[in-house]
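Student: There's a structure below that I have some questions on.
In the working numbering, the protein residues as written are 1114 to 1267.
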């Protein structure tokens, strides 16, 4: 199993950061390089507890679908999504938020496992873990940019 832990410090209100992290429209903008689109379930707005979303995106040259469900949510401190259907053997993404002075610390804990035994493990180690980390960093960069720029403009 691969595990990625990212901490992003954002100069913005915890509620704003929490909402942007679960915003389907923002996610689609942040993943424009992979042409990711929400095609079923919640396809726009803020995803809520027990809702699902099915994504279609081009990763590694192939279009793939990934259906996830929000299985836990405590506003504005955390939510967790897990894969219901998709290419991974398992996929769990925890989104944690902590207020610290005037900042929000957004923590992603992504745990995933590829199918195909040892070949999948090697693929994770040599390629997929870094690919997924870059994918999350791009999303986090957009959340940070939107919240901090809006703060300046207010």
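Each residue gets a CB set at the ideal place from its N, CA and C atoms; glycine is no exception.
1. What is the rounded straight-line gap between the Cα of residue 1136 and the Cα of residue 1129?
2. Relative to the C-alpha of residue 1268, which candidate in 1231, 1255, 1227 has its C-alpha closest?
3. For residue 1161, which residues in the same chain have their Cβ closer than 6 Å to its Cβ, ignoring the five residues on either side in sequence?
4. From the DSSP output, in three-state form, read off residue 1214 for me.
5. Please state the DSSP three-state secondary structure of residue 1252.
6. Considering only C-alpha positions, which residue in the set 1156, 1173, 1152 is nearest to residue 1248?
7. To the nearest angstrom, how far is it from the Cα of residue 1197 to the Cα of residue 1151?
8. By DSSP, does residue 1245 sit in helix, in strand, or in coil?
9. So, residue 1125 versus residue 1208, is the Cβ gap smaller than 8 Å?
Tutor: Quick look at the numbers:
1. 10 Å
2. Outside the shown range of the chain (1114 to 1267) lies residue 1268, about which nothing can therefore be said.
3. none
4. coil
5. helix
6. 1173
7. 15 Å
8. helix
9. no
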